[in-house]
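Notes follow once the structure below has been shown.
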Amino acid sequence: MGNKIEIRGVNKNFIQDGNEITEVLKDINLEIKEGEFICLLGHSGCGKSTLLRIIAGLEMDYEGEAYIDGKAISGPSLDKGLVFQDHRLFPWFTVEENIGYGLAENVANKKERIDELIHLVGLQGFEKKYPRQLSGGMSQRVAIARALINRPSLLLLDEPFGALDALTRITMQNEIRRIWQTQKNTMVMVTHDIDEAIALSSRIVILGQRGSGIKRIENVDLSYPRIRTGSEFSHIRNIVYREFFEEKEAELEYYL
Amino acid sequence: MKKEKKGLTYWIKYLLLPVIVIAIWEAASLSGSLPPYMLPAPHEILELLIKTVKNGVLIKNIGVSIGRVFSGFFLAALVAIVLGVLISLSKNAETITGLLLQILKPIPPIAWIPIAIIWLGIGEASKIFIIFIGAVFPILTNVIDGIRQIDKRYFEVSQVFEIPKKRLIKDVIIPASFPQVMTGLKIGLGNAWICVVAAEMIAATSGIGYMLMDGRSLSMPGQVILSMLVVGIVGKLMDDVLQKLQKKLLY
């Protein structure tokens, strides 16, 4: 299958207080194939969300090139769904109104499309509820359904489960995996949760500290559903852990 | 929102102070320490209330004033909301209108009365104009603030879905700024009621402000006090209605 996303030599600097330049992304090169589930993993502030926003077309001011389906990214488009960390539902809309909000104009069978998504995310019976009546996990289900409304071939998720409790998070991870397997779209998900990245992705892109670029890309060749307690899972977890913590451990030894 | 049940103790506390004030006032009048030509006793005011309700004078005057308030208020709300949306949609419009609005805003509505009379005479138009002036600025300021303070993240969601500007106004800007617009409307209505009384006290032949002024020229302090109380009570009730409406409409 062809490349869905191509990132070539992307650099991104933020200018703070007028002239102080902070490098956020440095020389990012990444190819994402159609139908892949990619996790961008890294510390807070490492630029993983910025990279996602570049792919989403919300961030346009950067050096380098970024393509989707061979075309330079020129802004947001209905072909890309985006799920934010804070669900960003409109409190004045019901669940079904929120889901239908982004539906392209002149789409027939609007109601059916919304019902389809409500079933997909398992929110039957909550169509008429308002966001304040929903739990965190349910709100994020609505946000995922909203992002899928126009059948985007690419779904971008910016730490979608970061604000959820650990148990709900695992349920939601299983949900998003199921959605990916049924919808067969390309997924790019930002996370700082190592287990989440291993449980879901076909490849994990590990970003180093701010401004240091991609540190490692780890293939995860495990079949789904992945057993978190299994030895293969642990093996990959160890590899990823080492990427983040080996330097610190070395330091620790030195002081001992 | 859950409705809180108000118990008997709440109502006793709520009504206690006014009842005490009336009781002291009545006692002072009965003992002769309050001369009736300065301040008539509460029971005399009550008698006047019953009389003016029965002969229709009070109700007619309240009706006239409320009618004026609503014409002026609705006109102000309409103009302020349309103008507020237009101004807040563009940074340029905000800069261009800023200075003029900042200068006009501090001019009290009462200061507009002379020019209103010169331009529009002493008929209905001048009163509605004064009410309009009193109501339009608080509504406008709150509409602009309400829109400016909308969470930018809502706009990002709309940007992702390429929502056209018309729908952005209908589905995001109006509902998101609604609570603050409602606050503006409440202040605006309160001001409108204050303004109608002021306008009627200066040039009118009907209305609650006229009734108040009429009481003074006829040296009937009872009518003056009654009119003042009516102004207060009607003002409170109007606020209650908007408060209820706001609670009902709020998501």
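In order, the protein sequences belong to chains A and B. 45 is the number that this note's numbering gives to position 45 of the first sequence; each next residue is one higher, with no gaps. If you count the second sequence from 1, you need to add 256 to reach this note's numbering. Here a beta-carbon is modelled for each residue, glycine too, at the ideal position from N, C-alpha and C.
**Asked** When you compare each of B:N317, B:G478, B:I403 to T461 (chain B) by their alpha carbons, which one comes out closest?
**Response** Along the second sequence, one-based indexing puts residue 461 (chain B) at 205. For the residues B:N317, B:G478, B:I403, the minimum Cα distance to T461 (chain B) belongs to B:N317.
**Message:** Residues of the segment 115-144 of chain A in Cβ contact with chain B at a cutoff of 8 angstroms, in chain order, please.
**Reply:** Against chain B - using a Cβ distance shorter than 8 angstroms - the residues of the segment 115-144 of chain A are Y130, R132.
**Prompt:** Whole alpha helix (DSSP H) runs in the segment 323-368 of chain B with 4 or more residues, listed along the chain?
**Reply:** DSSP assignment within the segment 323-368 of chain B yields the following whole alpha helix (DSSP H) runs of 4 residues or more, N-terminal first: 347-360.
**Request:** Compare the C-beta of G488 (chain B) with all C-beta atoms of chain A and state if any pair is closer than 7 angstroms.
**Result:** Against the second sequence, residue 488 (chain B) aligns to sequence position 232. By the rule that beta-carbons nearer than 7 angstroms mark a contact, G488 (chain B) does not touch chain A.
**Request:** Pull up the CB-CB distance for H192 (chain A) and S74 (chain A), whole angstroms please, since I reckon it's below 8 angstroms.
**Result:** As a first step, residue 192 (chain A) must be located in the first sequence, where it is residue number 192. As a first step, residue 74 (chain A) must be located in the first sequence, where it is residue number 74. So it is not a contact: roughly 29 angstroms between Cβ atoms.
**Message:** So with CB distances below 9 angstroms, who are the chain E contacts of G102 (chain A)?
**Reply:** Chain labels in this structure do not include chain E; the protein chains are A and B.
**Item:** Contacts of E427 (chain B) in chain A (Cβ-Cβ under 9 angstroms)
**Value:** Residue numbering aside, residue 427 (chain B) sits at position 171 when the second sequence is read from its first letter. Strictly speaking, residue 427 (chain B) in this sequence is Asp, with Glu absent from that position. Listed along the chain, the chain A residues whose CB falls inside 9 angstroms of the CB of D427 (chain B) are F90, W92, F93, E97, Y101.
**Prompt:** Looking at C-alpha atoms only, which residue of A:L78, A:K33, A:N3, A:E63 is the closest neighbour of V24 (chain A)?
**Reply:** Your numbering for residue 24 (chain A) matches position 24 in the first sequence. Ranking the options by Cα distance to V24 (chain A), first place goes to A:E63.
**Message:** Closer than 9 angstroms between beta carbons: that is the criterion. Which residues of the segment 64-80 of chain A meet it against chain B?
**Reply:** Those residues of the segment 64-80 of chain A that come within reach of chain B (Cβ to Cβ, closer than 9 angstroms) are G75, P76, S77, L78, K80.
**Prompt:** Where K500 (chain B) and V275 (chain B) are concerned, what is the direct C-alpha to C-alpha distance, given to the nearest angstrom?
**Reply:** Counting from one through the second sequence, the residue named residue 500 (chain B) turns up at place 244. Counting from one through the second sequence, the residue named residue 275 (chain B) turns up at place 19. Roughly 26 angstroms between the two C-alpha positions.
**Request:** Please determine, among B:Y293, B:W267, B:A297, B:L273, the residue with the shortest C-alpha to C-alpha distance to W281 (chain B).
**Result:** Indexing the second sequence from 1 puts residue 281 (chain B) at position 25. Ranking the options by Cα distance to W281 (chain B), first place goes to B:A297.
**Item:** Residue range of the unbroken beta strand (DSSP E) whose run includes C46 (chain A)
**Value:** Sequence index remark: in the first sequence, residue 46 (chain A) carries index 46 (1-based). No beta strand (DSSP E) contains C46 (chain A), which DSSP labels as neither H nor E.
**Item:** For I206 (chain A), the residue or residues it bridges with in DSSP
**Value:** As a first step, residue 206 (chain A) is located in the first sequence; it is residue number 206 there, counting from the start. Answer is A:L41, A:R216.
**Request:** Pair every Cβ in the segment 324-344 of chain B with every Cβ in the segment 380-392 of chain B, then say whether three or more of these pairs are closer than 8 angstroms.
**Result:** The segment 324-344 of chain B is in contact with the segment 380-392 of chain B.
**Request:** Just tell me which of A:L41, A:D61, A:N3 has its CA closest to the CA of I15 (chain A).
**Result:** Translated into positions along the first sequence, residue 15 (chain A) becomes position 15. Nearest C-alpha to I15 (chain A): A:D61.
**Request:** Quickly, what does DSSP pair Q16 (chain A) with across the bridge? List them, please.
**Result:** Looking up residue 16 (chain A) in the first sequence gives position 16. Its beta-bridge partners are A:E20.
**Message:** Taking DSSP's pairing of strands, which residues face R409 (chain B) in a bridge?
**Reply:** Residue mapping note: residue 409 (chain B) aligns to position 153 of the second sequence, counting from 1. Answer by DSSP bridge pairing: none, since R409 (chain B) is not bridged.
**Request:** Out of B:T397, B:V320, B:V338, point me to the one whose CA is closest to Q358 (chain B)'s CA.
**Result:** The residue given as residue 358 (chain B) occupies position 102 in the second sequence. For Q358 (chain B), the nearest C-alpha among the options comes from B:T397.
**Request:** Whole angstroms is fine: what's the gap from E65 (chain A)'s alpha carbon to G213 (chain A)'s?
**Result:** Position 65 of the first sequence, counted from the first residue, corresponds to residue 65 (chain A). Position 213 of the first sequence, counted from the first residue, corresponds to residue 213 (chain A). Per the coordinates, the alpha-carbon of E65 (chain A) lies some 15 angstroms from the alpha-carbon of G213 (chain A).
**Request:** Entirely within the segment 368-452 of chain B and at least 4 residues each: give me those alpha helix (DSSP H) ranges in chain order.
**Result:** 369-376, 380-404, 408-416, 421-424, all fully within the segment 368-452 of chain B.
**Close beta carbons around K258 (chain B), own chain, < 7 angstroms, minus the five adjacent residues each side** = Taking the first residue of the second sequence as position 1, residue 258 (chain B) is located at position 2. Reliability fails at K258 (chain B), whose pLDDT of 48 lies under 50, so the model's placement of it is uncertain and the value that follows must be treated cautiously. Here the set comprises nothing.
**Prompt:** Does DSSP classify L25 (chain A) as helix, strand or coil?
**Reply:** Mapped onto the first sequence, residue 25 (chain A) falls at position 25. DSSP, reduced to helix, strand and coil, places L25 (chain A) within a strand of the structure shown.
**Item:** Reduced DSSP secondary structure (H/G/I, E/B, other) of E282 (chain B)
**Value:** Residue numbering aside, residue 282 (chain B) sits at position 26 when the second sequence is read from its first letter. The answer is helix: DSSP assigns E282 (chain B) an H, G or I state.
**Asked** What is the rounded straight-line gap between the Cα of I179 (chain A) and the Cα of N11 (chain A)?
**Response** Here the question's residue 179 (chain A) lines up with position 179 in the first sequence. Here the question's residue 11 (chain A) lines up with position 11 in the first sequence. Put simply, the backbone Cα of I179 (chain A) is about 32 angstroms away from that of N11 (chain A).
**Item:** Identified DSSP bridge partners for R8 (chain A)
**Value:** Translated into the one-based positions of the first sequence, residue 8 (chain A) becomes position 8. DSSP links R8 (chain A) through a beta bridge to A:E65.
**Item:** Chain-ordered chain B contacts of A56 (chain A) [CB-CB under 8 angstroms]
**Value:** Counting from one through the first sequence, the residue named residue 56 (chain A) turns up at place 56. Those within 8 angstroms of A56 (chain A) in chain B are V416.
**Prompt:** For G81 (chain A), which three-state DSSP category applies?
**Reply:** Position 81 of the first sequence, counting from 1, holds the residue named residue 81 (chain A). DSSP places G81 (chain A) in strand when its eight states are reduced to three.
**Prompt:** Given a threshold of 16 other Cβ atoms within 10 Å of its Cβ, counted over all protein chains shown, does T171 (chain A) qualify as buried or as exposed?
**Reply:** As a working mapping, residue 171 (chain A) is identified with position 171 in the first sequence. Label assigned to T171 (chain A): exposed.
**Asked** So, helix, strand or coil for A145 (chain A), using DSSP?
**Response** Taking the first sequence and counting its residues from 1, one reaches residue 145 (chain A) at position 145. Secondary structure at A145 (chain A): helix, using DSSP grouped into helix, strand and coil.
**Request:** Hey, could you find the ends of the beta strand (DSSP E) L506 (chain B) is sitting in?
**Result:** Taking the second sequence and counting its residues from 1, one reaches residue 506 (chain B) at position 250. Counting along the chain, L506 (chain B) sits inside no beta strand (DSSP E), nor does DSSP assign it H or E at all.
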